[in-house]
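In the working numbering, the protein residues as written are 264 to 521.
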């Protein structure tokens, strides 16, 4: 379910997850540290190419995953681009209201577009990890890196209960549709309110049953999984070095020549 469906089909599935984590983390750190429009675009293109061409994820799937954060970024950056300015401020486009003008200047447009590019580069770097590494491999890598066990268990349980919530909401919504619960605006609002209230209660009950089942099988706070044999991640380390060098080069060119 979710990104795990594509991660298990990835060509990089058997590579050492620590190597893939290193590549993703290095790209994220450089993209956030350097910032800028061209560095973000460069990171987005490179990590997208690695995910699709190297990992084997279809470009349509990768672009579909990018749509959701892009929508949130566009809405959030509108508030950054549009500001109130004095009446004599040169704006690209705006609307005079009272003694000031609400609009977009060249500086605010560049700033907002830079945030979008930087964020999309970071998201593409994270998608490289999630679309090529199943959750079980990632938690195993975190154990090898000596991340606190409590944090790993919380991540694992929260991730699994996302699908419990999704399955519960889907079953309730199907039952409501079969009873014409979404015919008309008023009935749709009522059904949506019922769905929101029931999904938490049923998911809580199901989660309690899962926890009881774990305890009955000797659960002591640690979900242990058998380690797998992974291929050496030398290629990922070399790719990480190449990506970092390209990002730094883009940052240098952007600062001094663009």
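C-beta atoms are modelled at their ideal positions from N, C-alpha and C, and glycine is treated no differently. Quick caveat, the model's predicted, so the values are computed rather than measured.
Taking a 10 Å sphere around the C-beta of residue 351, we find fewer than 16 other C-beta atoms and assign the residue as exposed.
For the pair residue 306 and residue 438, the CB atoms are not nearer than the 9 Å cut-off.
Look at residue 283 here: in three-state DSSP terms it is helix. Around the CB of residue 471, fewer than 16 other CB atoms lie within 10 Å, so the residue is classed as exposed. Secondary structure of residue 389 (DSSP, three-state): helix. For the set 477, 407, 515, the Cα lying nearest the Cα of residue 490 is the one of 407. Counting along the chain, the unbroken beta strand (DSSP E) around residue 346 starts and ends at 345-349. In this structure residue 425 is exposed. Its beta-carbon is surrounded by fewer than 16 other beta-carbon atoms within 10 angstroms. Inter-segment contact for the stretch 329-342 and the stretch 379-395 is present: three or more beta-carbon pairs are separated by less than 8 Å. The continuous beta strand (DSSP E) containing residue 365 extends over residues 363-367. Going by DSSP, residue 358 is part of the beta strand (DSSP E) stretching over 356-360.
Looking only at 410, 462, 323, 409, the smallest Cα-Cα distance to residue 435 is reached by 462. The beta carbon of residue 503 sits closer than 7 Å to the beta carbons of 285, 286, 289 from its chain, once the five residues preceding and following it are set aside; these are given in chain order.
Take residue 402, set aside five residues on each side of it, and the residues of its chain with a beta-carbon closer than 6 Å to its own are 415, 419, in chain order. Bounds of any alpha helix (DSSP H) do not take in residue 493, whose DSSP letter is neither H nor E. Bounds of the alpha helix (DSSP H) holding residue 302 are 300-312.
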